[in-house]
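Chemist: Same order as they appear, the protein sequences are chains U and X.
Position 62 (the first sequence) corresponds to 62 in the working numbering; numbering is contiguous.
Quick note: to get the working numbering, add 171 to the position in the second sequence (first position is 1).
I'd like to ask you about the structure that follows.
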Amino acid sequence: MNPLVIYLLLLKASLTSFSGLGSLPMIRNDFVIERHVLTDRQVNMAVVAGRTGPGPFGLYLVVIGYQVDGIPGGIAEFLALITPAFLVLPMMHWLGKRADNPRIRGAIRGLLLGSAGLLAAASVPLSRDAITGKLSLAIMVASFALLSFTKLESAWLMVGAAAIGLAAKLF
Amino acid sequence: MAVLGRELADRLGWITPEDYALAFAIARVTPGTNIIAFCAAVGWQVLRFTGALAAVLALTAPTAVLSVFILKLLESGSEHPFLMGAIAATVAAVSGMMWSIVWMLVGPHFKGINKSSRAVIIAGGSFVASWMFNITPVPILGIATLIGVLWQDPPPPKKDDAGA
Numbered sequence: 001m002n003p004l005v006i007y008l009l010l011l012k013a014s015l016t017s018f019s020g021l022g023s024l025p026m027i028r029n030d031f032v033i034e035r036h037v038l039t040d041r042q043v044n045m046a047v048v049a050g051r052t053g054p055g056p057f058g059l060y061l062v063v064i065g066y067q068v069d070g071i072p073g074g075i076a077e078f079l080a081l082i083t084p085a086f087l088v089l090p091m092m093h094w095l096g097k098r099a100d101n102p103r104i105r106g107a108i109r110g111l112l113l114g115s116a117g118l119l120a121a122a123s124v125p126l127s128r129d130a131i132t133g134k135l136s137l138a139i140m141v142a143s144f145a146l147l148s149f150t151k152l153e154s155a156w157l158m159v160g161a162a163a164i165g166l167a168a169k170l171f
Numbered sequence: 172m173a174v175l176g177r178e179l180a181d182r183l184g185w186i187t188p189e190d191y192a193l194a195f196a197i198a199r200v201t202p203g204t205n206i207i208a209f210c211a212a213v214g215w216q217v218l219r220f221t222g223a224l225a226a227v228l229a230l231t232a233p234t235a236v237l238s239v240f241i242l243k244l245l246e247s248g249s250e251h252p253f254l255m256g257a258i259a260a261t262v263a264a265v266s267g268m269m270w271s272i273v274w275m276l277v278g279p280h281f282k283g284i285n286k287s288s289r290a291v292i293i294a295g296g297s298f299v300a301s302w303m304f305n306i307t308p309v310p311i312l313g314i315a316t317l318i319g320v321l322w323q324d325p326p327p328p329k330k331d332d333a334g335a
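Below is the structure:
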């Protein structure tokens with residue numbers, strides 16, 4: 001794929017999300033469903049790689065770009081990841097205290113809730129791909145509970161899950 | 172963001188608490204990853220565009236390279252049965268993480284009938300539109316945003332001065 005196309009697709013995903021994994025439905029739609037350049041398993045692997053290391057949630061986008069087109073794709077995705085952040089500069093200048101405007105807050109609330117619904121829809125096939133037996137189902141449920149109701153850092157969860165998976169193969 | 176605020180405003184004094192609050196608020200309404208926008212905003216407050224660029228690159232560039240190395244590491248061992256077991260378990264954990272993020276986004280909106288109804292209609296409607304009708308994300312998010320603008324919280328009840 002042309003790196004410029006990758007950049008534009010990722011920029012679209014970044015611009016329409018307000019959280020790290022909020023771009024996931026758009027990514028899956030563009031790269032898995034419409035263009036068939038990635039599989040659900042590869043998207044899952046990108047999220048794993050992005051979350052295992054330190055840094056912001058959205059880093060999985062760089063891994064997606066790398067999977068699609070190697071280093072040029074990774075660079076395109078990196079630029080798409082950081083481009084929206086610079087929108088903050090004119091917004092700092094012009095928006096100022098309007099960030100508390102009820103209509104702007106309402107728009108963001110609607111966007112967040114819409115993103116949640118889309119993320120749920122994208123998570124169904126990814127979960128089907130991830131759950132291959134009772135152990136993986138138990139890990140998924142435990143992961144949901146630990147991240148939703150405790151302050152556990154997600155990187156530790158990845159490490160713990162990997163250790164359980166390794167132990168299951170050993171014993 | 173809280174850690175950065177304590178470091179930059181309280182300890183180093185590079186920005187004021189008001190600067191921090193403004194950067195935090197604007198970063199929340201900036202599309203993309205909020206923490207990156209927050210770092211750009213704080214960098215801009217300290218050293219204008221140079222500061223913003225330095226802050227964003229410092230946050231993202233090393234960790235982006237590390238993520239690709241982690242992917243290569245995972246792929247290189249994907250034929251090994253032990254590593255396959257570890258990867259499969261990690262992928263399952265990521266799946267749970269995705270559902271926890273859905274809950275994190277929706278959960279705080281379940282307060283009272285009005286807010287809960289709005290959350291169910293917007294999030295549930297987006298899910299159904301995408302999952303059952305295969306509508307692409309952009310129009311779904313556009314409609315969700317419009318509903319969010321139009322469906323405001325009711326004003327708080329006025330206090331009766333007479334106490335009646």
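Don't be surprised by glycine CBs; every beta carbon is placed ideally from N, CA and C.
Measure the alpha-carbon distance for residue 335(X) versus residue 83(U) and round it to whole angstroms.
Modeler: The pLDDT assigned to residue 335(X) is 42, lower than 50, so where the model puts this residue is not dependable, and the model offers no usable value.
Chemist: Could you list which residues in chain X have their beta carbon closer than 9 Å to that of residue 84(U), in chain order?
Modeler: Here the neighbours are 201, 202, 203, 204, 207 and 208.
Chemist: Should residue 288(X) be labelled buried (16 or more other beta-carbon atoms within 10 Å of its own) or exposed?
Modeler: By the neighbour-count rule (16 or more Cβ atoms within 10 Å), residue 288(X) is not buried but exposed.
Chemist: Name the chain X residues that come within less than 9 Å of residue 76(U), Cβ to Cβ?
Modeler: Neighbours of residue 76(U) on chain X: none; closest Cβ ~12 Å, over 9 Å.
Chemist: Tell me which residue opens and which closes the alpha helix (DSSP H) that residue 56(U) is part of.
Modeler: Taken as a continuous stretch (DSSP letters only), residue 56(U) belongs to no alpha helix (DSSP H), as it is neither H nor E.
Chemist: Of all the residues that make up the stretch 304-325 of chain X, which are near chain U by a beta-carbon distance shorter than 9 Å?
Modeler: Residues passing the 9 Å Cβ filter: 305, 307, 308, 309, 311, 312, 313, 314, 315, 316, 317, 318, 319, 320, 321, 322, 323 and 324.
Chemist: For residue 284(X), count neighbouring C-beta atoms within 10 Å of its own C-beta (all shown protein chains included) and say buried if the count is 16 or more, exposed if not.
Modeler: So residue 284(X) counts as exposed.
Chemist: For a contact defined as C-beta to C-beta under 7 Å, what are the partners of residue 109(U) on chain X?
Modeler: Chain X residues near residue 109(U): 319.
Chemist: When we look at the beta-carbon of residue 309(X) and count the other beta-carbons within 10 Å, is it buried (16 or more) or exposed?
Modeler: Residue 309(X) is exposed by the Cβ-count criterion.
Chemist: Nearest chain X C-beta to residue 55(U) closer than 8 Å, yes or no?
Modeler: At least one chain X Cβ lies under 8 Å of residue 55(U).
Chemist: Measure from the alpha carbon of residue 325(X) to the alpha carbon of each residue in 102(U), 88(U), 8(U) and 138(U), then state which is nearest.
Modeler: Residue 325(X) has its Cα closest to that of 102(U), out of 102(U), 88(U), 8(U) and 138(U).
Chemist: Could you check which residue in 156(U), 165(U), 154(U) and 86(U) has the C-alpha nearest to that of residue 138(U)?
Modeler: Residue 138(U) has its Cα closest to that of 165(U), out of 156(U), 165(U), 154(U) and 86(U).
Chemist: Answer yes or no: the CB of residue 268(X) versus the heavy atoms of the ligand ADP, is any distance below 7 Å?
Modeler: Ligands are entirely absent from the displayed structure, and the ligand ADP is therefore not among its contents.
Chemist: Should residue 333(X) be labelled buried (16 or more other beta-carbon atoms within 10 Å of its own) or exposed?
Modeler: Any reading at residue 333(X) must be qualified, since the residue scores a pLDDT of 46, below 50, and its modelled position is unreliable; the value itself is stated next. Classification for residue 333(X): exposed.
Chemist: Checking contacts by CB at 8 Å: is residue 72(U) closer than that to chain A?
Modeler: Considering every chain present, this structure includes no chain A. Its protein chains are U and X.
Chemist: Assuming contact is defined by CB atoms lying nearer than 8 Å, are residue 269(X) and residue 152(U) in contact in what I supplied?
Modeler: For residue 269(X) and residue 152(U), no; Cβs fall outside 8 Å.
Chemist: Helix, strand or coil: how does DSSP classify residue 37(U) here?
Modeler: Three-state result, residue 37(U): coil.
Chemist: Below 8 Å on C-beta distance, what does residue 188(X) contact in chain U?
Modeler: By Cβ distance, chain U contributes nothing, its closest Cβ being about 15 Å from residue 188(X), past 8 Å.
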